[in-house]
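Down below is the structure, laid out as structure tokens.
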């Protein structure tokens, strides 16, 4: 009986771990991007309109991640799609932070 309970717990824990490991990288990347957005807004490098556009893009990525993790597994296709979205967002953050405009 003890072996069955331990085996069942191992299966449950094992099935939960891949979903955590798969989203960890994108979560860390998103956290760094959020910091870059905050820093750009605090310095005055981002106009209010640019800030709204970037935040809307981040919400879109968040929705994509939640849809991908809904079934507990992120397929390679879903992972590539999310990474492409994050690549685009990262480029947009850089471009909007370094376009030479300042709010006075």
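Residue numbers (mature numbering (1 follows the signal peptide of the UniProt record, and there is no 0)): -21 to -1, 1 to 83. Cβ coordinates follow ideal geometry from the N, Cα and C atoms, glycine included.
Could you pull the start and end residues of the alpha helix (DSSP H) that residue i belongs to?
i	result
residue 49	No alpha helix (DSSP H) contains residue 49, which DSSP labels as neither H nor E.
For residue i and residue j, what's the separation of their Cα atoms in angstroms?
i	j	result
residue 12	residue 55	22 Å
residue 16	residue 22	10 Å
residue 10	residue 24	19 Å
residue 14	residue 5	14 Å
residue 58	residue 26	31 Å
residue 77	residue 20	12 Å
residue 165	residue 42	Residue 165 lies beyond the residue range present for the chain, which begins at -21 and ends at 83; the question has no answer from this structure.
residue 38	residue 79	26 Å
residue 28	residue 50	35 Å
Would residue i and residue j be called neighbours here (beta carbons separated by less than 7 Å)?
i	j	result
residue 8	residue 65	yes
residue 61	residue 36	no
residue 47	residue 53	yes
Does the segment 26 to 33 touch the segment 62 to 78, meaning 3 or more C-beta pairs lie closer than 8 Å? A contact exists between the segment 62 to 78 and the segment 26 to 33.
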